[in-house]
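In what follows, a structure is listed as structure tokens, so that the remarks can point back to it.
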Amino acid sequence: MKRIILTALILISLLASWSFASDKHPYGVFIGMGKNKILRLKNYSTLVVDAQYLSKNDIKKLRANGNKKIYSYLSVGSIENFRPYYKKFKSITLGKYEDWPEERWIDVSKKGWQRFIARKGKGIKNKGLDGFFIDNADVYYHYKKPKIYKGLTKILKALKSQKMDIVINGGDEYVLRAITKNPRLKYINAINQETVFSKIDFENRKLLSQDAETKRYYQEYCRKAKKAGLSVYLLEYTINQDLMAQISDFCKSKNYKYYVSPSIELDLSCQDICYILKNILLLPDQDF
0 MKRIILTALI
10 LISLLASWSF
20 ASDKHPYGVF
30 IGMGKNKILR
40 LKNYSTLVVD
50 AQYLSKNDIK
60 KLRANGNKKI
70 YSYLSVGSIE
80 NFRPYYKKFK
90 SITLGKYEDW
100 PEERWIDVSK
110 KGWQRFIARK
120 GKGIKNKGLD
130 GFFIDNADVY
140 YHYKKPKIYK
150 GLTKILKALK
160 SQKMDIVING
170 GDEYVLRAIT
180 KNPRLKYINA
190 INQETVFSKI
200 DFENRKLLSQ
210 DAETKRYYQE
220 YCRKAKKAGL
230 SVYLLEYTIN
240 QDLMAQISDF
250 CKSKNYKYYV
260 SPSIELDLSC
270 QDICYILKNI
280 LLLPDQDF
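Numbering that gives the first Met the number 0 applies: residue 0 is where the sequence shown begins, and numbers increase by one.
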């Protein structure tokens, strides 16, 4: 009984922090969400989904729902074993991806992979999306070689040439080097940095607060990115209301956009929280 009440209180606090009453959302990331739920998302200024599982008509439905800019998740530096093209590129993978056993880093310097990503990008663009949410540029952090940097740059420039926005998720080592070489990057529009304030404890399956040193580093990275003319997004994982308030205050002061998720799978929306809350409160066997 106490656990149910606590769960309800947490969900209520989440709804309050998301300003659900206004039904307007500056930013949302739902790359782990199923198609049926995605098509119910409404009124996001910037919405990130995995368009591999969506059709051109699905994107039109999202537009009709009041979503303005719609970006697709696109992993350029790693490959997951459930993707239909995994076997084709398994031979050029570099190593295991920590905390995600179904994923491996890939050699972005290989021409075949570069061409594949460019084709994949064109397919996404043809569905009517506005840009790419580029994941796993951190391959350069793990394999810091000139060929990896050059390979990533070729991939990103090829995607940008399709007249699409480019948002780099993570990839701080790559972005900082790119900024140093060219203070005003023309092939990257924005960065998205995860866990500036929050932290994921994969071993114990807990959402924690970020340590002070890492938080300072990420905040400085975001500052440098903004100074270079890039827009800045934060993606945090927490259900702690005090931490959410800190995130909100920080982003407002810096003119950053942010999204706070209660799930590391990025598969829950405000509508989902409302549904869960409603069903908890309506359970016939519970006496509140």
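Beta carbons: idealized from backbone N, C-alpha and C, even for Gly.
Per DSSP, the bridge partner or partners of residue i
i: Gln192; result: Leu233
i: Tyr43; result: His24
i: Tyr70; result: Val47, Gly130
i: Ser252; result: Per DSSP, none; premise fails for Ser252.
i: Tyr257; result: Leu233
i: Asp164; result: Gly130
i: Leu265; result: In the DSSP output, where bridge partners are listed per residue, Leu265 has none listed.
i: Leu301; result: No answer is possible for residue 301: the residues shown for the chain start at 0 and end at 287.
Selection from the options that minimises the alpha carbon distance to residue i
i: Leu206; options: Ile263, Arg183, Lys225, Val174; result: Ile263
i: Ala117; options: Leu158, Ile147, Leu93, Lys146; result: Leu158
i: Asp248; options: Asp57, Pro261, Leu233; result: Leu233
i: Ser289; options: Glu235, Met32, Ile123, Glu219; result: The chain is shown from 0 up to 287; residue 289 falls before or after that span and cannot be answered.
i: Cys221; options: Leu265, Leu175, Thr152, Lys146; result: Leu175
i: Asn188; options: Asp129, Lys86, Gly94; result: Asp129
i: Lys143; options: Lys251, Trp104, Ser160, Leu155; result: Trp104
i: Lys36; options: Thr45, Lys60, Lys23; result: Lys60
i: Val107; options: Lys121, Ala136, Glu97, Gly122; result: Ala136
i: Tyr139; options: Lys198, Lys119, Val75, Ser90; result: Val75
i: Val231; options: Glu212, Lys223, Lys214, Tyr255; result: Tyr255
i: Lys223; options: Asp171, Tyr26, Leu53, His24; result: Asp171
i: Leu265; options: Gly33, His24, Gln113; result: Gly33
i: Asn80; options: Trp99, Tyr186, Lys225; result: Trp99
Contacts around residue i, its chain only, beta-carbon distance under 8 angstroms, and the 5 residues preceding and following it disregarded
i: Tyr84; result: Ile78, Phe115
i: Phe132; result: Val28, Ile30, Val47, Tyr70, Ser71, Tyr72, Leu73, Val166, Asn168, Asn191
i: Lys55; result: Asn125, Lys126, Gly127
i: Ile58; result: Ala50, Ile69, Lys126, Gly127, Leu128
i: Tyr173; result: Ala136, Asp137, Tyr139, Tyr140, Tyr148, Leu151, Ile167
i: Gly120; result: Leu73, Phe131, Ala157, Leu158, Gln161, Met163
i: Asp284; result: With a pLDDT of only 36 at Asp284, under the threshold of 50, the placement of this residue in the model should not be trusted; the figure read from the coordinates follows. Taken in chain order, the list of residues that qualify is empty.
7 angstroms Cβ cutoff, residue i in contact with chain D
i: Tyr142; result: Here there is only one protein chain, and chain D is not present.
Contacts around residue i, its chain only, beta-carbon distance under 6 angstroms, and the 5 residues preceding and following it disregarded
i: Gly228; result: Arg183
i: Gly178; result: In the sequence as presented, Gly is not what sits at residue 178; that position holds Ile. Excluding positions up to five away in sequence, the list reads Ala227.
i: Thr288; result: For the chain, the structure presents residues 0 to 287; residue 288 sits outside this window and is missing.
Proximal residues to residue i (C-beta, below 7 angstroms), its chain only, five neighbours per side dropped
i: Lys146; result: Ser108
Whether or not the region 197-205 and the region 164-178 are in contact is what I'm after, with contact meaning three or more pairs of Cβ atoms, one per stretch, closer than 8 angstroms; do they touch? Judged by Cβ distances under 8 angstroms, the region 164-178 makes no contact with the region 197-205, as fewer than three pairs qualify.
Would you mind listing the beta strand (DSSP E) stretches within the region 75-127 that are 3+ residues and don't spill past its ends, in chain order? Runs of the beta strand (DSSP E) inside the region 75-127: 77-79, 92-95, 102-105.
Is the region 206-220 close to the region 235-245, with three or more CB pairs under 8 angstroms? Pairwise C-beta distances place the region 206-220 in contact with the region 235-245, as three or more of them are shorter than 8 angstroms.
Using a Cβ distance threshold of 8 angstroms, determine whether the region 85-94 contacts the region 54-68, with at least three qualifying pairs required. Because the criterion of three Cβ pairs below 8 angstroms is not met, the region 85-94 and the region 54-68 do not touch.
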